[in-house]
Each structure stands twice: as C-alpha cells, then as structure tokens.
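What follows is a single structure, written as structure tokens, with notes after it.
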Amino acid sequence: MSATTVVVGDGTTARTRAAGRWRRWRPVLVVLGVLLVGALLAILPAPRTSTTPLAPDNPSGNGARALAQVLGRHGVTVTYVRSLRDAERAAAGGTLLVVDDYALTPQDAQRLAQVDADLVLVAATQYLDQLAPGVGLAYGGGSAATARQAACTDADAVAAGTVTAAGALTAQSPGVVTCFPAPGAGAQGGGAYAVTTNAAGRRVAVLADATPLTNGALATDGNAALAIRMLGRHDHLTWFLPAIGAGADGGGGGQSLGSLVPPWLTVLGLQALVVALVLALWRGRRLGPVVAERLPVVVPAAETTRGRGRLYRRGRSHGHAAAALRAGAATRMAGRLGLPRSADAHATIEAVARASGTAPDDVARLLYGPPPHDDRELATLADELDILESEVNRP
Numbered sequence: 017m018s019a020t021t022v023v024v025g026d027g028t029t030a031r032t033r034a035a036g037r038w039r040r041w042r043p044v045l046v047v048l049g050v051l052l053v054g055a056l057l058a059i060l061p062a063p064r065t066s067t068t069p070l071a072p073d074n075p076s077g078n079g080a081r082a083l084a085q086v087l088g089r090h091g092v093t094v095t096y097v098r099s100l101r102d103a104e105r106a107a108a109g110g111t112l113l114v115v116d117d118y119a120l121t122p123q124d125a126q127r128l129a130q131v132d133a134d135l136v137l138v139a140a141t142q143y144l145d146q147l148a149p150g151v152g153l154a155y156g157g158g159s160a161a162t163a164r165q166a167a168c169t170d171a172d173a174v175a176a177g178t179v180t181a182a183g184a185l186t187a188q189s190p191g192v193v194t195c196f197p198a199p200g201a202g203a204q205g206g207g208a209y210a211v212t213t214n215a216a217g218r219r220v221a222v223l224a225d226a227t228p229l230t231n232g233a234l235a236t237d238g239n240a241a242l243a244i245r246m247l248g249r250h251d252h253l254t255w256f257l258p259a260i261g262a263g264a265d266g267g268g269g270g271q272s273l274g275s276l277v278p279p280w281l282t283v284l285g286l287q288a289l290v291v292a293l294v295l296a297l298w299r300g301r302r303l304g305p306v307v308a309e310r311l312p313v314v315v316p317a318a319e320t321t322r323g324r325g326r327l328y329r330r331g332r333s334h335g336h337a338a339a340a341l342r343a344g345a346a347t348r349m350a351g352r353l354g355l356p357r358s359a360d361a362h363a364t365i366e367a368v369a370r371a372s373g374t375a376p377d378d379v380a381r382l383l384y385g386p387p388p389h390d391d392r393e394l395a396t397l398a399d400e401l402d403i404l405e406s407e408v409n410r411p
C-alpha cells in the first residue's frame, strides 16, 4: 500500500492536522514573538545620551559630549555626577569641574571649597567669593560671545590664543590672573577667564561663559585648546552638574525603591501583564470538558444515526459522513475476520482483500481513501462499501 492512500477516517491527513494546529496557535505565537522582541529591546542597554545642557553625554549643540570624548582620547577619565556627595567621593586628587552653581546652597559651596582637587568653575555666579577667592563679576561687561585674545601671561590662555566667550571676571586681589577681555575693554574690564589659588593651595580656574565647552563652539578659535588644558591637568576629571530641584546630594533622603529598579524591569513587567491578560482572554473563551449527563428520554440508535446524518447533510460534512461509514464497515469486517481491535490499517486491508478477492489498493481506497466532495460521491462510496462488506460476509 502506498503512503498516499493512508488517510484518517475523518478525511484528514498528518499534513492537514498540522496545518489546523498551526492556524489555531498562530495568533498566540505571534503575540508571544512580539512580546519577546519587545523584552529583548528593553533589556538591551540604551545609548548613554541626554539633552541636559553642558552634560558630557549630550550630543546636541548645547551639550559637551565632544569635549568629554576628546579628553578621553588624551587619557583623561571623565566621571559624570549630579550630587555633591558623589562629587566629593570621586574628585579627590584630580580635577573637579562645577558647571553652574545655581542649584547649590552656601553649605554646598563650603564643602566644595574643601575638596582636595583642582577646581574649575564654569558659568558660576553665586559663590565665587567662597570657591574662587579674589575673583569677582563685572556685571554688564562683555555679555555677548565674541572672539577674544588672551592678553595675559597664563600658560593655558596663551596656548589657546583666541577663544569665543562672553562675560567679565575681575581680579579683586593681587594673586588673580584674568584673561580674554572683551574687545575695547581696558585692564579694569577683566576677562572671561580667571585663575587663582584657594585657601587649600589648590588651583582654581573660572570661566565666565560655558560657550567654549559646547559641541557647537568647541572647534571654533582656540576653544578646544583652552578646554583641554584647563580640564586635562590630571588624569581624572569629575564633571559635576548639580541637579536643579533635587538638592546637591541627590535629594538628601537616600535613593527611592524606583531608582534602584532597572528601567527595563518595568517594561518587562508591563509586558508580562499583557501576556497574562491575553492568556486569560484566550482560555476564558473555551468551554470546559464535555460532561456526560443522563438524558431524560431514551433515543433509539437508529433515530440517532438518522439525526446525525441529517446534520452532516445540512452542514455538507461529506468527510465526516464518509468517516462514519468507513469506520462502521471496517469494524464489522474486522470482527467477521477475527481481527483484534489493535489491528492497524495495513493488517485490516490485507485481511479484507484476501477474504473478498479485491485488490488491496481498492480496499485501501474504500476504507482509508480521500473524503468525497459531494452527495453523489458519498452515495457511490456507501454502495461500494456495502458490496465489499457483502463479499467478506459471503460464506
């Protein structure tokens, strides 16, 4: 018997059953695949960028990512912090850059002044008297960013030559050196850059304007030269950008539970919730297993058979009707020939062929062949099964 003739009694094959299972499970597999891809994307590390002005991970024009990368190529390790506690811990023995002191308090300024590190202040206006003794602000002097010559003896400023900056810092004590005055301003007008020494003997550099550090202006004039020499004096730079509204210590009350949870875990939890809801809806639509129940009346077997036949005919279920006819004929002939219930299709076909004198291929077509497509083919099959069964039952 060839493999093409082996068809299950209900008219299905292994291929059609697999296709049916695939159609049933395809929506669930698609949903699970989408959720799996989303989970993988959530777990992957996000690019370390931000939109915070003057942040070393900000690639936009007002950020300072280019400067941080250039410093890294020169062997300077850049540590980006947002709290005073982290700045104190990381800056010892290196350079501490403080960008904008607006979010600091007087107590924070006192702590910064005691850090054992060279100090660089950028766009600082609140606590110059505590952090940079002898450096003052000349309000209204050189507010526009223009190209400025060094006009001083500081080695870093002389190496830069010309920078694009704004603002004016004044020297209020003999130990302060000011550089890069505004065009047309005299010595009393100060400059955009000042250098002094604090009470602990550490070098303090003050830049009135943050423009030379930004990505958009770093390649202009000698901005890069000044920034690299000013911030690259040590092999470790702590980049402190105080967080506005959170306090210099990052909130002062410790970390919250939400801050300790990685961002991808929240996304994964939401996706797990969606999966649970989808599975609940999918399983909730299904009825439970069929429960056997005692009927109120006894229905004769013949009437049940006729009713089932009418249902098959109304639903045009020729395959199911043919499967019932074939199963009944095969069972009766197998019992007549003394075959056990465990006999497979091949044994049944061989026994029926020997008893009836019919070719095995014809027997296989009648008992296990393809399902009929219309009423005419179903009637023909029923007649042929009757003939085959009568040949087997012939004494």
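Residue numbers (my numbering): 17 to 411.
Cβ coordinates follow ideal geometry from the N, Cα and C atoms, glycine included.
Grouping DSSP H, G and I as helix and E and B as strand, with all else coil, what is residue i?
i    : result
L100 : helix
H389 : coil
A134 : Here residue 134 is Asp; the residue named in the question, Ala, does not match the sequence. Here D134 sits in strand by DSSP.
H252 : strand
Q142 : coil
Q287 : helix
L70  : coil
G267 : Note on G267: pLDDT 46, under 50, position unreliable in the model; no value is reported.
R219 : strand
V193 : strand
T121 : coil
V94  : strand
T396 : helix
T32  : helix
T162 : strand
G54  : helix
A108 : coil
A259 : coil
D225 : coil
P312 : coil
D402 : helix
R64  : coil
T282 : helix
R410 : coil
A296 : helix
P75  : coil
Report all residues from its chain with a CB closer than 8 Å to the CB of residue i; omit the five preceding and five following residues, and keep chain order.
i    : result
L51  : Q287, V290 and V291
G232 : G77 and N78
L353 : A367, V368, A371 and V408
L273 : With a pLDDT of 49 at L273, under the threshold of 50, the modelled position of this residue cannot be trusted, and the question is left open.
L293 : none
R392 : none
Taking the beta strand (DSSP E) that residue i falls in, what are its first and last residues?
i    : result
V379 : It is not in any beta strand (DSSP E) - V379 instead sits in the alpha helix (DSSP H) that spans P376 to Y384.
A210 : Y209 to T213
G206 : From DSSP, G206 is part of no beta strand (DSSP E); its letter is neither H nor E.
G152 : V151 to L153
L112 : T111 to V115
Is residue i near residue j, with beta carbons less than 8 Å apart?
i    : j    : result
R245 : A175 : yes
V193 : V211 : yes
Y143 : L120 : yes
L128 : L113 : no
A240 : L234 : yes
L137 : V222 : yes
A166 : A181 : no
G207 : G150 : no
L242 : D145 : no
A139 : A107 : no
A224 : G183 : yes
At which residues does the alpha helix (DSSP H) containing residue i begin and terminate?
i    : result
G335 : H334 to L353
A84  : R81 to R89
V306 : Element bounds for V306: n/a, residue is neither H nor E.
G323 : A317 to R330
A241 : N239 to L247
A371 : A361 to S372
Among the residues of its own chain, which have a CB less than 7 Å from the CB of residue i, if the five just before and after it don't count?
i    : result
L355 : A363, T364 and A367
G268 : For G268, the pLDDT reaches just 42, beneath the cut-off of 50, and the residue's location in the model is therefore unreliable, although a value from the coordinates is still provided. Closer than 7 Å at Cβ, skipping near neighbours: no residue.
H90  : I244 and G248
A337 : G325, Y328 and L394
Looking only at its chain, what residues have a beta carbon closer than 6 Å to the beta carbon of residue i, apart from the 5 residues adjacent to it on each side?
i    : result
D402 : none
L70  : A80, V115 and A226
W255 : P72, V94, Y96 and L113
A259 : R98
P75  : T65 and R81
A103 : V97, T254 and F256
*Along the chain, which unbroken stretches of the alpha helix (DSSP H) at least 4 residues long are found entirely within the segment 164-192?*
You should have 171-176.
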